[in-house]
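Protein chains: 2
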Amino acid sequence: MKEPVEPDIFLAMLRASISLWRQQGKRGVWIKLPIKLVNLVETAVKEGFWYHHAEPSYLMLVYWIPETASTIPANASHRVGVGAIVFNDKREVLVVQEKSGRFRGTGVWKIPTGVVDEGEDVFMAAVREVKEETGIDTDFQEILAFRQSHKSFFGKSDLFFLCFLRPLSFDIQKQELEIEAAQWIPFEEYAAQPFAQKHELFKYIADLCLAKVDRTYAGFSPLPITSIFSDQISYLYSNVRDLKQSSSADRH
Amino acid sequence: MKEPVEPDIFLAMLRASISLWRQQGKRGVWIKLPIKLVNLVETAVKEGFWYHHAEPSYLMLVYWIPETASTIPANASHRVGVGAIVFNDKREVLVVQEKSGRFRGTGVWKIPTGVVDEGEDVFMAAVREVKEETGIDTDFQEILAFRQSHKSFFGKSDLFFLCFLRPLSFDIQKQELEIEAAQWIPFEEYAAQPFAQKHELFKYIADLCLAKVDRTYAGFSPLPITSIFSDQISYLYSNVRDLKQSSSADRH
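Note that the protein sequences, when read in sequence, are chains A and B.
Just so you know, we're using this note's numbering here: the first sequence kicks off at 1 and counts up by one.
Just so you know, we're using this note's numbering here: the second sequence kicks off at 1001 and counts up by one.
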């Protein structure tokens, strides 16, 4: 639907179309209504359509013609976030205090975090968030872990990827809008914060960081792959260290 | 908004409220309209509200009062799927042919896959999908890898978790609705399918499977964690083998 139309004309068109589609054996019907055609939403819903999803510029409605159960696929279910551990050669971690959110005014130093944009790769989001919040350039290394949690936001679920990055620059330029303060602090000082002792995810962040820096912890890192169904490149995140060792063992 | 109201009364209420909120310095305004109040959508949009997100039963609208840029958080951006590698002691993989979708009629044997439901844990979804499609009970072992791809569905992004599971039962009871055929096939036969040779993700699936079964590949497995912000349990997926080795090395 693109052109403006009066609701009564739309109603007549809709009824004729559904009758035809029913004869043709069609099952799921989708109507994408741009927000400027908001005058047609009520008509569609009164004819039996319901909401599938919405974005700022449009509303997607669906209708299932047969008597059988609808197999219309669900909407996006997860928000995706990143946390960035940036560790320098002096055993210092890059940390911030935020102007809003849960940690505001607590004095807790936390790693930079943010939301992965639609269409953005997880590893790019980690680099972008660190740059935006602190001005530091980084080289993405690995995803050390991720957490899945539920009912975090309008009933949706949340995937939070904990990333490990190496700094390429060192002078902090903090972002004014969101960040109260930013600094490099000794790892032990970060881990010893009273809050970090109480909060299980914080403790894991410290454990994973030490395991990565001082020992042989292998996380997941991205490899580009192509699909035969599209010409787009996507990324496969895996334990590349173990995978490559395995492959070379194969050949000997 | 819960009770029915006429659009003109709603309009008067809305204008008075926004004027008050503006004086109070409020910024973001949310209206959640149940689908039965669809008669108010047009009024809200004409007053400057836009769509934030929608679910079958409601539409969420937002409005940003100040002149500054809106900091209203984005909607859910990702769908999450699982693929399940179920490998038995005879070096056979559990595979299916689907009645619909991209692989219909191709004769390609693929691993069971499915969508993670809202509120469902990734590892539970893998176990559920295998049970639903093939009747096989499994014990979840690890996430071997995951792929992030974009523009897969209404412009949304997609996270696909490749899981490794051990079978606890062996007699296949295929699901009639979605599954054309299901069987155990020798791993080499699965990997040698012409399609699997062409499709990069298929090749990685075979490589990761061998690395896991015959060598020392470590993926991510879930550990329950609690948050100090809620009493819900969530799961942190990490390379538990490396993390535990590191911790025990610490203590010696």
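All residues carry an ideal CB built from backbone N, CA and C; glycine is no exception.
Values in this document were obtained by computation on a predicted structure and should not be read as measured data.
Nonlocal neighbours in the same chain, by C-beta distance under 8 Å from residue i, ignoring five residues either side
i, result
"Lys151/A", "Ser157"
"Ala1054/B", "Met1060"
"Gly293/A", "Outside the shown range of chain A (1 to 252) lies residue 293/A, about which nothing can therefore be said."
"Met13/A", "Val5"
"Ile1065/B", "Ile1018, Trp1021, Arg1022, Lys1026, Arg1027, Gly1028, Val1029"
"Asp121/A", "Pro222, Tyr235"
"Trp1184/B", "Asn1088, Lys1090, Glu1092, Val1093, Leu1094, Val1095, Phe1170, Ile1172"
"Gln232/A", "Thr226"
Below-8 Å beta-carbon distance, residue i vs any chain B residue
i, result
"Lys26/A", "no"
"Lys156/A", "yes"
"Leu59/A", "yes"
"Arg15/A", "no"
"His190/A", "Here the sequence assigns Tyr to residue 190/A, which means His is not the residue at that position. It does not; no Cβ of chain B falls within 8 Å."
"Trp50/A", "yes"
"Lys174/A", "no"
"Thr106/A", "no"
"Leu165/A", "no"
"Asn39/A", "yes"
"Ser221/A", "no"
"Thr226/A", "yes"
"Arg79/A", "yes"
"Thr216/A", "yes"
"Glu180/A", "no"
"Leu159/A", "yes"
Cβ separation of residue i and residue j, assumed to be a contact under 8 Å, to the nearest whole Å
i, j, result
"Arg1091/B", "Phe1187/B", "5 Å"
"Ile136/A", "Pro167/A", "5 Å"
"Val95/A", "Tyr190/A", "6 Å"
"Thr106/A", "Phe164/A", "Actually they do not touch by this definition, with Cβ atoms about 25 Å apart."
"Ser227/A", "Leu1201/B", "7 Å"
"Leu223/A", "Tyr235/A", "7 Å"
"Glu133/A", "Glu178/A", "7 Å"
"Gln1193/B", "Val1108/B", "6 Å"
Beta-carbon contacts of residue i that lie in its chain and below 7 Å, excluding the five residues immediately before and after
i, result
"Asn39/A", "Pro7"
"Arg1241/B", "Ala1218"
"Glu180/A", "Gln97, Glu98, Lys99"
"Phe1140/B", "Phe1123, Ala1126, Val1127, Cys1163, Leu1165"
"Lys110/A", "Val95, Val96, Phe103"
"Asn1075/B", "His1052, His1053"
"Thr1138/B", "Val1086, Val1127, Val1130, Leu1165, Arg1166, Pro1167, Leu1168"
"Phe1153/B", "Arg1079"
is_contact[residue i, chain A] using C-beta, thresh 8 Å
i, result
"Glu1118/B", "yes"
"Ala1063/B", "What sits at residue 1063/B in the sequence shown is Tyr, not Ala. No, Tyr1063/B does not count as interfacial toward chain A."
"Asn1239/B", "yes"
"Ala1076/B", "yes"
"Trp1109/B", "no"
"Gly1101/B", "no"
"Ala1125/B", "no"
"Leu1144/B", "yes"
"Asp1121/B", "yes"
"Ile1031/B", "no"
"Glu1042/B", "yes"
"Ser1234/B", "yes"
"Lys1002/B", "no"
"Asp1231/B", "no"
"Thr1138/B", "no"
"Glu1132/B", "no"
"Ala1054/B", "yes"
"Val1005/B", "no"
"Gln1197/B", "no"
"Ala1084/B", "no"
"Gln1097/B", "no"
"Asp1089/B", "no"
"Val1213/B", "no"
Sequence-distant residues of the same chain with beta carbon closer than 6 Å to residue i, five excluded per side
i, result
"Arg1251/B", "Legend: pLDDT at Arg1251/B = 49, less than 50; position of this residue unreliable, value from coordinates given subsequently. Within the same chain, Arg1251/B has no close Cβ partners at all."
"Leu1011/B", "Thr1043"
"Val62/A", "Trp30, His52, Ile72"
"Gly1119/B", "none"
"Pro1034/B", "Tyr1058"
"Gln1148/B", "Leu1159"
"Gly83/A", "Ile111, Thr113, Leu162"
"Ser1070/B", "Trp1064"
Problem set entry | alpha helix (DSSP H) runs contained entirely in the region 1100-1179 of chain B, provided each spans 4 or more residues | Correct list: 1122-1134.
Exercise. Enumerated in chain order, which unbroken segments of the alpha helix (DSSP H) with a length of 4 residues or greater are wholly contained in the region 29-104 of chain A?
Worked result: Given a length threshold of 4 residues, each whole run of the alpha helix (DSSP H) inside the region 29-104 of chain A is given here in chain order: 41-46.
Exercise. Touching or not, the region 171-182 of chain A and the region 200-214 of chain A, by the rule of three or more beta carbon pairs under 8 Å?
Worked result: Too few Cβ pairs lie closer than 8 Å, so no.
For this session: Would you be able to state if there are at least three C-beta pairs under 8 Å between the region 1096-1113 of chain B and the region 1213-1227 of chain B?
Result: Contact between the region 1213-1227 of chain B and the region 1096-1113 of chain B is absent, because fewer than three Cβ pairs lie under 8 Å.
For this session: Check whether the region 20-36 of chain A touches the region 44-52 of chain A, counting contact only when three or more Cβ pairs, one atom from each stretch, lie closer than 8 Å.
Result: Three or more Cβ pairs closer than 8 Å define a contact, and the region 20-36 of chain A meets that threshold against the region 44-52 of chain A.
Problem set entry | Complete alpha helix (DSSP H) runs within the region 1200-1249 of chain B (minimum length 4 residues, chain order) | DSSP runs (the alpha helix (DSSP H)) wholly in the region 1200-1249 of chain B: 1200-1214.
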